[in-house]
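Just so we're aligned, residue 14 is where the sequence shown starts under this note's numbering, counting upward by one. Just so it is clear, CB atoms sit at the ideal spot from N, CA and C, and this is done for glycine as well. This structure is a prediction, so every number in the text was calculated from the model and none was measured.
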Amino acid sequence: MTTATEPPLTRQPTPVRDVDAPYQRARDALHKLYGQQGTKGFGALMKAVDARLRAAGEQRPAELKALDAARIHDPHWYAQPGRAAYCTYIDRFNSTLNGCIDKVPYLKALGVGLFHPLPLLKPREGDNDGGFAVADYRAVDPRLGTFDDLKALAGTLRRNEMSLVLDVVCNHTAREHPWARGMVAGDPAYKDFYIVLGDAAEKDAWAGPLIDVFPDTAPGSFTYDAEAGGWVWTTFYPFQWDLNYANPRVFLAMLDVLLDLANAGVEGFRLDSAAYLWKIKGTVCRNLAQAHDVLVAFRSLLAIACPGVFLLAEAIEGLDEVLGYFGSDAAHSECDMAYNNTMMTALWGSLAEGTGDAARHALKLTGRKPGHGVWLNYVRCHDDIIWQAVSSWVSQDRLRAWSRHYAGADESFADGMAFQAPKGLAPSTCGMAASLCGVGRDRFGLDRLKLLYSVTAALDGVPMVYMGDEIALLNDRSFEQEPERAAELRWLHRPAMNWPAAGSQDGMFRHLTRLMEVQTQLADWGDGGPAVPANANDARLLVFHRRLGKGWFTCLANFSDETVVLSAALRGFDQIGQAEVAELAAYQVVWYYALEAGVRP
Ligand code: GLC
């Protein structure tokens, strides 16, 4: 584990656990990344890593060490039946961190297990991409509260059997961050913390293969900055400076951030923009092997210092790329969870087409996920729906039709807006789920929303509720009046919570809690296998089975606005509605369960 010259790692916090294997994995990954610095340089890096692990172990509160010890024996502790994730902006949900503490009973009533506030650490002043331009990782946005409030929220959630999941914007910082200011000021401690190219031709050579993330609002991946003395790498907005992970001190600095936040009570990290962490000239600079090595090193070191903490990869990419973020097997794992964006995108495609086709195909593909990884299944989030992520198996024409449908073309039921996408490709889509489903526009709006959530909650993994969907909250167009936000269409689907409407807690809210209830009631839901699509002999339907521990679970969804009479083989007892079912109403979803081991219903 350590060489003769390096101090042995203190075996904290749980003496029984094997820390040698993760340590060796971290060391191997770091050696691949930084080994070329010579034995002396690499030895110094590992000493620095050891020191940080030791300090983090010593500082970890006893309450969290107890959680660590329990979770070692329950590696999928965050994926429990009947426990959803809930994602929200703090200010939009209930103003402040303390305001969120007041809403813990509401979250509990909804069946939330993981509470994921979007970035809340201190951002730069002015536009900050919804908090994704962090100016200080050790302070909370003063408008939302204090760091002590954050700890208090984590503690209150924990006492209510919920876990705090936090964004760590690990690919970039705000240009105002002290690391960036230090580099600009010539402080040697921050030398090469970011990528600055002095020469325009050199910049162009790197830029050639890159794909713009925001081609309209932030074209290009470099921003000229006179203070920095050249072209700064800015994958996203010009004020978001990409960190240079080729510099091991950047790795150490971000490791510190993760360890400190974990010790403050964060139980899961959403690693933002994980795909972009490493750059190699002549490549697209996304999903590179070295980006995976960075994540393996983070995962392995956290497994030593705070094993009860999970990592969620934010990589909204094609399926092959996303699967890479799980690592090859349990012994070589990387991130514990990843967004199931293939299935999410396909479900919206199916809804637009009125058939189960796209969703069925996506199920075949996403079933390839390795067993040690867990899907985060979702309907909507704070970002746009990126149709391009499924372009390897859905034609551009078909994607364009989906995009147009959700932008409301041809009097479709949807009320969304087309967002930016690389030239010539189907534009992404913005809008709240309820608006995209046509709530308030035709009589099926709420049924469509229920369909999407019912199918999502039937999949293996953790279902996520995006704030407001539980009350079918619609788009918020107020951003159009705010100069700073007007050009950023994603604000369309970042409304403020409507608490008076939430008070009634029926309709969608009741439907979601019913889904969570049924999950809890079905034996061995938590150990259930992947969804396997079946042939329904009716294009309007999606049918899939899942093997649960003691029996078979079946989900049937009608993607059309017609009633579908079911063949005898597809009839059954619906666990959601508690009734025998012989036909499916427009957009109806039913869940069946049969206890006979080994026999499909
Ligand atoms: C992620 C976030 C998105 C943000 C971007 C840059 O994709 O989800 O909202 O704009 O990263 O941080």
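In the three-state DSSP reduction, Gly112 falls in the helix class (H, G or I). If you ignore the 5 residues before and after Leu284, its C-beta comes within less than 8 angstroms of the C-beta of Val181, Cys183, Leu308, Phe311, Leu324, Leu325, Ala326, Glu327, Cys348, all in its own chain and listed in chain order. Rounded to the nearest whole angstrom, the C-alpha separation of Ala302 and Leu290 is 10 angstroms. DSSP links Cys319 through a beta bridge to no other residue.
When secondary structure is reduced to three states using DSSP, Glu334 falls in the helix class. In terms of CA proximity to Gly143, Pro132 leads the group Pro132, Phe432, Gly158. According to DSSP, residue pairing for Phe235 in a beta bridge involves Trp246. The C-beta of Arg490 has fewer than 16 other C-beta atoms within 10 Å across all chains shown, which makes the residue exposed. Of the candidates Ala509, Gly54, Arg498, Arg498 places its Cα closest to the Cα of Gly139. A distance below 7 angstroms between beta-carbons, with the five flanking residues on each side excluded, links Met529 to the following residues of its chain, in chain order: Gly95, Ala97, Gly124. The straight-line gap separating the alpha-carbon atoms of Ser176 and Leu561 is approximately 25 angstroms. Take the alpha-carbon of Phe128 and the one of Gly51: they are about 43 angstroms apart.
Secondary structure at Ser491: helix, using DSSP grouped into helix, strand and coil. At the C-beta level, Leu487 and Ala447 come within 8 angstroms of one another. Using a Cβ distance threshold of 8 angstroms, Gln588 and Trp565 do not count as a contacting pair. The alpha-carbon of Asp423 is positioned some 14 angstroms away from that of Met430. Taking a contact as a CB-CB distance under 8 angstroms, the pair Pro435 and Pro222 does not count as one, their CB atoms being some 12 angstroms apart. About 6 angstroms separates the CB atoms of Leu376 and Phe557; that is less than 8 angstroms, so the two are in contact. Remark: C-beta atoms of Val475 and Leu462 do not approach each other more closely than 8 angstroms. A residue is called buried once 16 or more other Cβ atoms fall within 10 Å of its Cβ, and Gly321 is buried on that count. In chain order, Gly331 place their CB closer than 6 angstroms to the CB of Ser405, counting only its own chain and leaving out the 5 sequence neighbours on each side. Rounded to whole angstroms, the Cβ separation of Val387 and His89 is 6 angstroms, and the two are in contact under 8 angstroms. In the three-state scheme derived from DSSP, where H, G and I count as helix and E and B as strand, Pro476 is classed as strand.
For Trp219, the three-state secondary structure derived from DSSP is helix. Secondary-structure assignment with DSSP links Lys135 through a beta bridge to Asp149. Cβ-Cβ separation between Lys135 and Val117: approximately 24 angstroms, too far for a contact (criterion under 8 angstroms). At a cut-off of 7 angstroms, the beta-carbon of His395 counts as near the ligand GLC: some heavy atom of the ligand is closer than that. Annotation: the continuous alpha helix (DSSP H) that includes Met357 extends over 354-366. Judged by their CB atoms, Gln601 and Asn571 are nearer to each other than the 8 angstroms cut-off. When only Cα atoms are considered, Thr576 and Leu120 end up about 35 angstroms apart. Val178 is not a Cβ neighbour of Gly278, given a cutoff of 8 angstroms.
For the pair Cys568 and Ala471, the Cα-to-Cα distance works out to about 7 angstroms.
Taking the Cα positions, Pro232 is about 10 angstroms away from Ile224. Proximity to Thr358 across Gly384, Ser573, Val392, Asp217 peaks at Val392, based on C-alpha coordinates.
In this structure, the ligand GLC has no non-hydrogen atom nearer than 7 angstroms to the beta-carbon of Phe282. DSSP places Ala187 in the strand class (E or B) of the three-state scheme.
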